[in-house]
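>
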Amino acid sequence: MCAKTRVTKQPFGRMPNGAAVELYVLNDGKVEAGIITYGGVVVSLRTPDRNGKLDDVVLGCDSVEKYIEQTAHFGGIVGRYANRIAHGTFQLDGHTYSIPKNDGDNALHGGPQGFDKVLWSAKPIADGIELTYVSKDGDQGFPGTLTTKVRYSLDGGALKIDYSATTDKDTVLNLTNHSYFNLAGQGNGDILQHVVMIAASRITPVDANLIPTGELKSVEGTPFDFRTPHTVGERIEVDDPQLRLGHGYDHNFVLDHAPGQFAEAAEVYEPTTGRILRVLTDQPGVQLYTGNFLDGSITGKQGRIYKRRFGLCLETQHFPDSPNHPSFPSTELKAGQVFHSVTVYEFSAGKR
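So, in structure tokens, the structure goes:
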């Protein structure tokens, strides 16, 4: 029987307007997770290697000021719409909505003031915390007053993220967590030797603006076939048009499980430490991003410099630009409906 998770709270600085930011530390006796009320950011995840040595396996910053400055979305709750919306526009119920463009001609991760750039309210719950944020009608151009609750809980070495949301007007919604993982320890080199499996037979290929073309393309015979284990670096420099467009992996994988089914989406193994990360979700997609745009300009925790490909993201999600692709699974949330989704990041260690 697992020990009950201990939840403690401490200050983590202040917002520019003076509002206090709090840090909640969850410890289940095996894994320790730190989460702040700014952006719902997972600021630390300390997990044991095969010899029991603890290390922090997520990239991040040492202060709230640094989290406010950085644009890499380290560890945050991303919304209202994770990933990209083409031209920052979509139509819903006969109306055209415009989201501020913050990624060339696209809106990315909910616009410049997305959910990872706001202060959430928090309260302790069994084995974790519950964060709440009310996004007003018209916030970043999105329709409807949206109330979002995100529960982080830790049990048996698994961090569970439970998302729920309601709206008073039809809207679109795509929530994820944007943690960058390095299972060798944050700042300890690149992730090219991490061994990855993804339970996906197809991807949504992108155009030059990293917007899905609408096709669901088979991974068979391509560098995107992670149905069997491959290191990240094994094929990342292959002359493949999709890898060129993404400057590496920055693509949505179409998961093979049935719609709405909770199942394993991905697994990552780091050979030098033996750390293993399993990702389970009920979402239809997962974005593999290999830190291609980290360039050494960000000084992270403990003074570590984050260079190119020093972390990888596995963002469970609906597909990018779904509001503009009727054939994709719908991201519409109608007034009065309840959105609910669960993702679990499960940590262990061993030999392969």
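Heads up, the final residue of the sequence shown is numbered 1548 in the numbering used here, and it's a clean run with no missing numbers. Each residue gets a CB set at the ideal place from its N, CA and C atoms; glycine is no exception.
1. Classify residue 1299 as helix, strand or coil using the three-state DSSP reduction.
2. With 16 other CB atoms within 10 Å as the buried threshold, where does residue 1447 fall?
3. Would you call the region 1529 to 1536 and the region 1348 to 1365 touching, i.e. three or more CB-CB distances under 8 Å?
4. By Cβ distance, which residues of its chain are closer than 7 Å to residue 1510, with the 5 residues on each side in sequence left out?
5. Who pairs with residue 1370 in a beta bridge, going by DSSP?
6. Rounded to whole angstroms, how far is the Cβ of residue 1243 from the Cβ of residue 1471, which I believe are closer than 8 Å?
7. Going by the CB atoms, is the gap between residue 1376 and residue 1311 shorter than 8 Å?
8. Ignore the nearest five residues each way along the sequence and tell me which others in residue 1531's own chain have a CB closer than 8 Å to its CB.
9. Is the region 1375 to 1395 in contact with the region 1422 to 1436, if contact means three or more CB pairs nearer than 8 Å?
10. Of the choices 1259, 1397, 1284 and 1384, whose alpha-carbon is the least far from that of residue 1505?
11. In whole angstroms, what separates the C-alpha of residue 1197 from that of residue 1248?
12. Suppose contacts are defined by Cβ-Cβ distances below 8 Å. Is residue 1494 in contact with residue 1266 by that definition?
13. If contacts are defined as beta-carbon pairs under 8 Å, then residue 1277 and residue 1370 qualify, I think. What distance do you get, rounded to the angstrom?
14. Determine the contact status of residue 1379 and residue 1236, defining contact as a CB-CB distance below 8 Å.
15. Tell me the DSSP secondary structure of residue 1260 in three-state form.
16. Pick from 1230, 1227 and 1245: whose alpha carbon is nearest that of residue 1546?
17. At the level of alpha carbons, what is the spacing between residue 1200 and residue 1542?
18. Span of the alpha helix (DSSP H) holding residue 1442?
19. Can you have a look at residue 1513 and say buried or exposed, based on whether 16 or more other CB atoms are within 10 angstroms of its CB?
20. Taking the alpha-carbon positions, what's the residue 1294 to residue 1268 distance?
21. Please go through the region 1375 to 1409 and give each complete alpha helix (DSSP H) segment of 4 or more residues, from N-terminal end onward.
22. Secondary structure at residue 1148, three-state DSSP: helix, strand or coil?
23. Can you give me the Cβ contacts of residue 1320 inside the same chain, cut-off strictly under 7 Å, excluding the 5 residues immediately before and after it?
24. Alpha carbons only, please: which of 1525, 1526 and 1516 is nearest the one belonging to residue 1283?
25. Measure from the alpha carbon of residue 1229 to the alpha carbon of each residue in 1256, 1315 and 1403, then state which is nearest.
26. In three-state DSSP terms, what is residue 1283?
27. Drop a sphere of 10 angstroms on the beta-carbon of residue 1291, count the other beta-carbons inside from all chains shown, and report buried for 16 or more, exposed for fewer.
The short version:
1. For the purposes of this step, residue 1299 is identified with residue 103 of the sequence shown, where counting begins at 1. Reduced to three states, the DSSP call for residue 1299 is strand.
2. In the sequence shown, counting from the first residue as 1, residue 1447 sits at position 251. Buried.
3. yes
4. Working through the sequence shown from its first residue, we reach residue 1510 at position 314. For residue 1510, where only same-chain residues beyond five positions count, the Cβ hits under 7 Å are 1462, 1475, 1482 and 1484.
5. If you number the sequence shown from 1, residue 1370 lands on position 174. The partner list for residue 1370 (beta bridge, DSSP) reads 1277.
6. Within the sequence shown, numbered from 1, the residue matching residue 1243 stands at position 47. Within the sequence shown, numbered from 1, the residue matching residue 1471 stands at position 275. Their Cβ separation, rounded to whole angstroms, is 6 Å, which keeps residue 1243 and residue 1471 in contact under 8 Å.
7. As a first step, residue 1311 must be located in the sequence shown, where it is residue number 115. As a first step, residue 1376 must be located in the sequence shown, where it is residue number 180. Cβ atoms of residue 1311 and residue 1376: not closer than 8 Å.
8. As a first step, residue 1531 must be located in the sequence shown, where it is residue number 335. Same-chain partners within the cutoff: 1340, 1363, 1364, 1365 and 1366.
9. yes
10. For the purposes of this step, residue 1505 is identified with residue 309 of the sequence shown, where counting begins at 1. Of the listed residues, the one whose Cα sits closest to residue 1505 is 1384.
11. What you label residue 1197 is simply residue 1 of the sequence shown in a count that begins at 1. What you label residue 1248 is simply residue 52 of the sequence shown in a count that begins at 1. Its pLDDT being 42, under 50, residue 1197 is placed unreliably by the model, and nothing is read from it.
12. Along the sequence shown, read from residue 1 onward, the residue named residue 1494 stands at position 298. Along the sequence shown, read from residue 1 onward, the residue named residue 1266 stands at position 70. Going by C-beta atoms, residue 1494 is nearer than 8 Å to residue 1266.
13. In the sequence shown, residue 1277 corresponds to position 81, counting from 1. In the sequence shown, residue 1370 corresponds to position 174, counting from 1. Rounded, the Cβ-Cβ distance is 5 Å, consistent with contact.
14. Counted from its first residue, the sequence shown places residue 1379 at position 183. Counted from its first residue, the sequence shown places residue 1236 at position 40. Against a cut-off of 8 Å, the Cβ pair of residue 1236 and residue 1379 comes out as no contact.
15. Position 64 of the sequence shown, counted from the first residue, corresponds to residue 1260. Helix.
16. Along the sequence shown, read from residue 1 onward, the residue named residue 1546 stands at position 350. Minimum Cα distance to residue 1546 is reached at 1245.
17. Within the sequence shown, the letter at position 4 stands for residue 1200. Within the sequence shown, the letter at position 346 stands for residue 1542. For residue 1200 and residue 1542, the distance between alpha carbons rounds to 17 Å.
18. On the sequence shown, residue 1442 is found 246 positions in, with the first residue counted as 1. From DSSP, the alpha helix (DSSP H) with residue 1442 extends over 1437 to 1442.
19. The residue given as residue 1513 occupies position 317 in the sequence shown. It is buried - the Cβ of residue 1513 has at least 16 other Cβ atoms within 10 Å.
20. Along the sequence shown, read from residue 1 onward, the residue named residue 1294 stands at position 98. Along the sequence shown, read from residue 1 onward, the residue named residue 1268 stands at position 72. Distance between the alpha carbons of residue 1294 and residue 1268 is about 23 Å.
21. none
22. Beyond the ends of the chain as shown, which are 1197 and 1548, falls residue 1148; an answer cannot be given.
23. For this step, residue 1320 is matched to residue 124 along the sequence shown. For residue 1320, where only same-chain residues beyond five positions count, the Cβ hits under 7 Å are 1203.
24. For the purposes of this step, residue 1283 is identified with residue 87 of the sequence shown, where counting begins at 1. Taking only the C-alpha atoms, the option nearest residue 1283 is 1516.
25. Taking the first residue of the sequence shown as position 1, residue 1229 is located at position 33. Comparing Cα-Cα distances from residue 1229 to each of 1256, 1315 and 1403, the minimum goes to 1256.
26. As a first step, residue 1283 must be located in the sequence shown, where it is residue number 87. Of the three classes helix, strand and coil, the one that applies to residue 1283 here is helix, per DSSP.
27. Taking the sequence shown and counting its residues from 1, the one referred to as residue 1291 is at position 95. Flag for residue 1291 reads exposed.
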